[in-house]
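To keep things clear, I will list the structure first and then write my remarks on it.
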Amino acid sequence: MATKSLKAKGNELAQTNKQLDILKGGLFADGELPFFKDKISEIGHFPLRPKKLEILQLNLGYMCNQVCEHCHVDAGPDRKEIMTRETMSQCLEVIKNTGAHTLDLTGGAPEMNPDFEWFVEQAAEAGIKDFIVRSNLTIIRANKKYHHLPDFFKEHNVHVISSMPHWTRGKTDKQRGEGVFDKSIKALQELNKRGYGMPGSSLRLDLVYNPSGAYLPGDQMAMEKDFKKALDEDFGIQFHNLFAITNLPIARFLDYLIASENYDDYMYALVDAYNPAAVANVMCTNTISISWDGWLYDCDFNQMLDLKVASKVKHIKDYNEDILNDRNIIISQHCYGCTAGAGSSCQGVVAP
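Per UniProt numbering, the very first residue in the sequence shown carries number 1; after that it's consecutive.
Structure follows, in structure tokens:
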């Protein structure tokens, strides 16, 4: 398991331009595989354009208590990028006036931002219909100062979406580190005690699965049944939905693919699994991603490649929804990950 981020290790893949060079070179530059632009041009979706904005996704910082081998954020304890209260206040002004119905807080571990609870309290008052916090679960058990989070989430009716690589200890710890599985199970049990994930409960608890190796996720509904059966039988744990997310060839997962000599095969798999029916509903069409320092992106993945929106409005301080909605979405070959199979987004599959 990695113990430091690519950035802390001085890895060249910590540079977004190096990642982009890889994504547009090799198999694609040689013509062995088609560029994503050309594939969506075949069905009249280039340039890719946004639809009605539904989701504001805020990255509260890249600091995390885990260093997962697949992480496209390259998050970890050594990452110090954290959203300030000033930027949060600018986001709050946007939240009060946006047409979006969902606020999605992510990281790193968003709970590690020192102003996290203040921001949740302020944002909850703005009346967002679906208020998501993406938790890695272990943060709830990482330190006593976080033990109250299940009660805090319940108080503010937060929709908790939690990472859970597998229902077995071995596969989970392999991807996320030794001891992660047991801490995750304990955190899920604490959330269940508060009513999260229970049948008929309005306290939403969803899990996120992404493969631990160089392969695509299986059928989301089938995996959800397996997860529910195993977690209930072994630990009495309940949850609402499972989201299956494809790993995109970015940051640490890209580093893993190259180091394991799986990059070419994985890109072939993504292109082979390309599903034109998924293109219309990829998450960049209804989402704006806001970085820890307030810059605007089409999606969380573009944020990690530093591909800012193609608009004269590029920062939260200048936010204008009408202008942003009249833009072309920036794409590259990593976008194949969102259109493979049934498609993939932060909310799971996207194909009708």
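All C-beta atoms, glycine included, are put in the ideal place defined by N, C-alpha and C.
Are residue 138 and residue 171 touching if we call contact CB-CB under 8 Å? The count along the sequence shown starts at 1 and reaches residue 138 at position 138. The count along the sequence shown starts at 1 and reaches residue 171 at position 171. No, Cβ-Cβ distance for residue 138 and residue 171 is not below 8 Å.
Rounded to whole angstroms, what's the CA-CA distance from residue 207 to residue 283? Just pull it up for me. Position 207 of the sequence shown, counted from the start, is the residue given in the question as residue 207. Position 283 of the sequence shown, counted from the start, is the residue given in the question as residue 283. For residue 207 and residue 283, the distance between alpha carbons rounds to 18 Å.
Taking the CB atoms as reference points, tell me whether residue 107 and residue 75 lie closer together than 8 Å. Taking the sequence shown and counting its residues from 1, one reaches residue 107 at position 107. Taking the sequence shown and counting its residues from 1, one reaches residue 75 at position 75. If you check the CB distance, residue 107 and residue 75 come in under 8 Å.
Which residues bound the alpha helix (DSSP H) around residue 41? Mapped onto the sequence shown, residue 41 falls at position 41. Note, residue 41: alpha helix (DSSP H), 36-41.
Please report the straight-line C-alpha distance between residue 246 and residue 146, rounded to a whole angstrom. If you number the sequence shown from 1, residue 246 lands on position 246. If you number the sequence shown from 1, residue 146 lands on position 146. If you take the alpha carbons of residue 246 and residue 146, they lie about 29 Å apart.
Which of the three DSSP states is assigned to residue 295 in this structure? As a position in the sequence shown, residue 295 is number 295, starting the count at 1. It is a strand residue.
Using the DSSP secondary-structure output, state which residues sit across from residue 319 in a beta bridge. To locate residue 319, count along the sequence shown from 1; it is residue 319. DSSP, once it has assigned bridges, lists no residue as partnering residue 319.
On the three-state DSSP scale, how would you describe residue 53? As a position in the sequence shown, residue 53 is number 53, starting the count at 1. Residue state, collapsed to three classes: coil.
Just mark residue 303 as buried or exposed, buried being the case when its beta carbon has 16 or more other beta carbons within 10 Å. Here residue 303 refers to the residue found at position 303 of the sequence shown. Classification of residue 303: buried, given that the 10 Å Cβ count is 16 or more.
Are the beta-carbon atoms belonging to residue 300 and residue 59 less than 8 Å from one another? Within the sequence shown, residue 300 is the residue found at index 300, counting from 1. Within the sequence shown, residue 59 is the residue found at index 59, counting from 1. Against a cut-off of 8 Å, the Cβ pair of residue 59 and residue 300 comes out as a contact.
From which residue to which residue does the beta strand (DSSP E) around residue 290 run? Translated into positions along the sequence shown, residue 290 becomes position 290. First-last of the beta strand (DSSP E) with residue 290: 287-290.
How should residue 173 be labelled, buried or exposed, when 16 other C-beta atoms within 10 angstroms of its C-beta is the threshold for buried? In the sequence shown, residue 173 corresponds to position 173, counting from 1. Answer is buried; the Cβ neighbour count reaches 16.
Touch test, the stretch 290-299 against the stretch 47-67, Cβ-Cβ under 8 Å, three pairs minimum: yes
If you draw a straight line from the alpha carbon of residue 67 to that of residue 5, how long is it in whole angstroms? As a working note, residue 67 is residue 67 in the sequence shown. As a working note, residue 5 is residue 5 in the sequence shown. Roughly 7 Å separates the two Cα atoms.
Pull up the DSSP beta-bridge partners for residue 82, would you. Position 82 of the sequence shown holds residue 82. Partner(s): 61.
Whose CA, out of 293, 223, 254 and 87, lies closest to the CA of residue 11? For the purposes of this step, residue 11 is taken as the residue at position 11 of the sequence shown. Of the candidates 293, 223, 254 and 87, the one whose C-alpha sits nearest the C-alpha of residue 11 is 254.
Coarse secondary structure for residue 27, derived from DSSP in three states: Here residue 27 refers to the residue found at position 27 when the sequence shown is read from its first residue. Helix at residue 27.
Contact between the stretch 306-321 and the stretch 212-222: three or more CB pairs below 8 Å? no
Would you decide whether residue 49 is buried or exposed? Buried here means 16 or more other CB atoms lie within 10 Å of its CB. For this step, residue 49 is matched to residue 49 along the sequence shown. A residue is called buried when at least 16 other Cβ atoms come within 10 angstroms of its Cβ; residue 49 does not meet this threshold and is exposed.
Is DSSP giving residue 98 helix, strand or coil here? Stepping through the sequence shown from its first residue, residue 98 is reached at position 98. Note: residue 98 maps to coil in three-state DSSP.
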